[in-house]
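Going by full-length UniProt numbering, the residue at position 144 of the sequence shown is 144; the numbering climbs one at a time, nothing skipped. Notes follow once the structure below has been shown.
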Amino acid sequence: MMEDDFYRPSSNGTVPPIALGTVLWGTVVDFLTSPNVVLALFLGPFIIAILTRYMSGRPVGKGANKLVWRVPYWIPFIGHGFSFLWDPTKLMKEAREQSPHGVFSLYLGGTTHNIISDPNLVRSVMAQRESIVQFSPVAWRIIVKFFGIPEESKFKYDKAWEELNSTLGSLMRDPGLSELLGRTVKNMEKNVSEMITFVDTEIDLQPWEKFGNASLISDTETEIDLVALMRDMMGHASIPAMYGSAFLQKYPDLLHEIYDMDKGIMYFFLGVPALAPFPASIKARIARSNIWGALDDQQRALDAHAEGKHVDSAWGDMEDISVFARKRNEIYRKYGFKIRERGELSILWALAVNSSLLVYWQILYIFSTPGLVERLREEIAPYANVTQPVSIGKISEAPRLKISADDLSKNCPLLKATYFEALRLTDQPWSVRTLAGDVVISEENGSEKPKEGYLLREGEFITLPHDMHMKDPVYFLDPDKFEPERFMTRDDQGKVTVDMGTIRPYGGGPSLCKGRILAERECLALIAGILAFWDIEPAENKKNWVIPPQQKTTAVSRPMHETRVRIRRRVFNWEKQNKSEKTL
Ligand code: HEM
Numbered sequence: 001m002m003e004d005d006f007y008r009p010s011s012n013g014t015v016p017p018i019a020l021g022t023v024l025w026g027t028v029v030d031f032l033t034s035p036n037v038v039l040a041l042f043l044g045p046f047i048i049a050i051l052t053r054y055m056s057g058r059p060v061g062k063g064a065n066k067l068v069w070r071v072p073y074w075i076p077f078i079g080h081g082f083s084f085l086w087d088p089t090k091l092m093k094e095a096r097e098q099s100p101h102g103v104f105s106l107y108l109g110g111t112t113h114n115i116i117s118d119p120n121l122v123r124s125v126m127a128q129r130e131s132i133v134q135f136s137p138v139a140w141r142i143i144v145k146f147f148g149i150p151e152e153s154k155f156k157y158d159k160a161w162e163e164l165n166s167t168l169g170s171l172m173r174d175p176g177l178s179e180l181l182g183r184t185v186k187n188m189e190k191n192v193s194e195m196i197t198f199v200d201t202e203i204d205l206q207p208w209e210k211f212g213n214a215s216l217i218s219d220t221e222t223e224i225d226l227v228a229l230m231r232d233m234m235g236h237a238s239i240p241a242m243y244g245s246a247f248l249q250k251y252p253d254l255l256h257e258i259y260d261m262d263k264g265i266m267y268f269f270l271g272v273p274a275l276a277p278f279p280a281s282i283k284a285r286i287a288r289s290n291i292w293g294a295l296d297d298q299q300r301a302l303d304a305h306a307e308g309k310h311v312d313s314a315w316g317d318m319e320d321i322s323v324f325a326r327k328r329n330e331i332y333r334k335y336g337f338k339i340r341e342r343g344e345l346s347i348l349w350a351l352a353v354n355s356s357l358l359v360y361w362q363i364l365y366i367f368s369t370p371g372l373v374e375r376l377r378e379e380i381a382p383y384a385n386v387t388q389p390v391s392i393g394k395i396s397e398a399p400r401l402k403i404s405a406d407d408l409s410k411n412c413p414l415l416k417a418t419y420f421e422a423l424r425l426t427d428q429p430w431s432v433r434t435l436a437g438d439v440v441i442s443e444e445n446g447s448e449k450p451k452e453g454y455l456l457r458e459g460e461f462i463t464l465p466h467d468m469h470m471k472d473p474v475y476f477l478d479p480d481k482f483e484p485e486r487f488m489t490r491d492d493q494g495k496v497t498v499d500m501g502t503i504r505p506y507g508g509g510p511s512l513c514k515g516r517i518l519a520e521r522e523c524l525a526l527i528a529g530i531l532a533f534w535d536i537e538p539a540e541n542k543k544n545w546v547i548p549p550q551q552k553t554t555a556v557s558r559p560m561h562e563t564r565v566r567i568r569r570r571v572f573n574w575e576k577q578n579k580s581e582k583t584l
């Protein structure tokens, strides 16, 4: 029998195996480098892209039930994915300009998103039945992906949904609203009057001064980052109002962890794995897990408190935790939610992120608009005032600040208009819905104009980017200009009123922001308090304010860079009087 011999030359003239590989490789190389194949490989993707582009622009049809025009795209399946991730605002702005009716659809990773910003059509979407135009599947996706609630807890949430949702109503009416607002304003009155310490010893600085890298210029002037300062001033007032004063004392980094988590929102939604080497993603995950740790601790303490068990003394008597937070804890206990299943992070995040950014933009626009500060100070004077401190010999207390948030909202149209205008310019909220059936949306224009109607199909998404309307030059003259007066009207008797008009800074429909009344009042209160107490100018060139470009978030945008400012305490009337008496 002949032995196998790999090295024996082949007797039948075929090439040996080693050579066979070489030949095969050579053949492949020959094949791949033949002009036809090079052409095909080179042109293939182009042909696919051109075909995709040609076929992806969906015909619109005619009549009252047209299909929404789809922006053509080049890459199958991915569709507009890359340009969407790169700069969604630019993509949408350009698409709206090209679309015959300002309504268009984008194709993102296999799903069709109908983008609607016309206020009449948005109203029509909001008026549809929730069973067809659904928010709850979107809400659950956010809860799992961003807030990290375990998927398997869904059945508990389904059972408790109505009761948990009904607690949100108490954010908008009394006694819940006035309890939260009252405490928030009290914290502001104290913190605003102690906002700047004018010391240069790190240990004596206020937490917001540390975060804002405060540097002492003189006994009466400090330089600081306005973004960090305003964010923390709001957070240090609103979070203790809802979760009690021990919460931030026990977890002093919590506020900044909320900001870090918020910065990583895209990574959570894209499902980027925990260990993926993206610093912002890793930071956001660590932050989320620390926030969970703090909230879990508080839930345990609340459980123990409610059950009359021992509670760690660091939590104090817990009496200053809002009725709202206690009620939610009661519902979690009633439905047997384990500590790790409780979704308080969604509330804490909603409370902390948007108002804290909004007050930064609002104060920046106010100070950078010539003459506005003086007009506002005159308007708010009766409702945000500073009184003379008590003096014993040469030692006197700090001046006292008193703010009436309800009066500011009712009686200060200019201040309120600056809030609406800051929202219009910097808020970029989107409402997203899924379609559980076909639906026709149409303009209820009530005029002779033919009614425009669009057929939207089951399985598609509807996205309402409210910011597109808020910056639309058709509705807002000079849309990039800060002009609060655009929200104000004067009647025949000279009475000035302010109205939000068609802007939708808080989204709409069933998911419409439940903190909107609280947000408006707390923002007005903080701005009025600061205007009453402090003078602010840009640090660099004392007259030249720079408005930073914006980075998109889920609602109020983040500035792309910090704003260094110089802050001085105002000279109050009694001080001016004392001075003039001394010089006499
Ligand atoms: C200027 C400040 C604020 C802005 C611009 C804002 C904006 C928004 C937006 C755009 C939504 C989503 C709406 C949608 O999906 O259509 C929302 C939801 C929500 N916001 Fe706000 N918000 C602000 C402040 C607050 C505050 C202070 C709270 C207090 C906790 C709060 C609580 C909520 C809650 C609970 C929801 C979810 C509502 C639901 O799904 O039923 N918001 N907010």
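Ideal placement from N, C-alpha and C gives every residue a C-beta, glycine not left out.
Exclusion of V546 from the 8 Å shell around the ligand HEM follows from its C-beta lying no nearer than that to any non-hydrogen atom of the ligand.
The straight-line gap separating the alpha-carbon atoms of W161 and A304 is approximately 24 Å.
Under DSSP, A384 shares a beta bridge with I403. By DSSP's assignment, S105 forms a beta bridge with R70, N114. Cα atoms of L177 and Y365: separation of roughly 28 Å, rounded to the nearest angstrom. Classified as buried, P413 has 16 or more neighbouring CB atoms from the shown chains inside 10 Å of its CB. Annotation: I321 to K542 spans about 43 Å, alpha carbon to alpha carbon. Separation of G453 and V440 (C-alpha to C-alpha, rounded to the nearest whole angstrom) is 6 Å. Of the other Cβ atoms in all chains shown, fewer than 16 fall within 10 Å of the Cβ of W574; this residue is therefore exposed.
Spanning the alpha carbons of E458 and A306 requires a straight line of approximately 46 Å. Looking at the DSSP output, M488 shares a beta bridge with V498. Annotation: G453 is outside any alpha helix (DSSP H); the continuous beta strand (DSSP E) that includes it extends over 453-456. No Cβ-Cβ contact shorter than 9 Å links A519 with S346. Note: F461 is bridge-paired with H113, T434 in the DSSP secondary-structure output. In the structure shown, the three-state DSSP call for L205 is coil. Under the three-state reduction of DSSP output, G316 falls in the coil class, being neither helix nor strand. Distances from the CB of D467 to the heavy atoms of the ligand HEM are all 8 Å or more. Between the alpha carbons of G81 and I380 lies a gap of roughly 48 Å.
When secondary structure is reduced to three states using DSSP, W545 falls in the coil class, being assigned neither helix nor strand. Our two residues, P538 and I75, have alpha carbons roughly 47 Å apart in a direct line. Within 10 angstroms of the beta-carbon of G507 lie 16 or more other beta-carbons, which makes it buried. Taken from the Cβ of V432, at least one heavy atom of the ligand HEM lies inside 8 Å. Taking a contact to require three or more Cβ pairs closer than 8 Å, the region 513-532 and the region 172-189 qualify as touching.
Comparing alpha-carbon positions, the option among L275, V138, R564, R129 lying closest to V432 turns out to be V138. The beta carbon of D535 is closer than 6 Å to those of R568, R570 in its chain, skipping five residues each way along the sequence.
Residue nearest to F268 within the set H256, I196, I282 is I282 (criterion: CA-CA distance).
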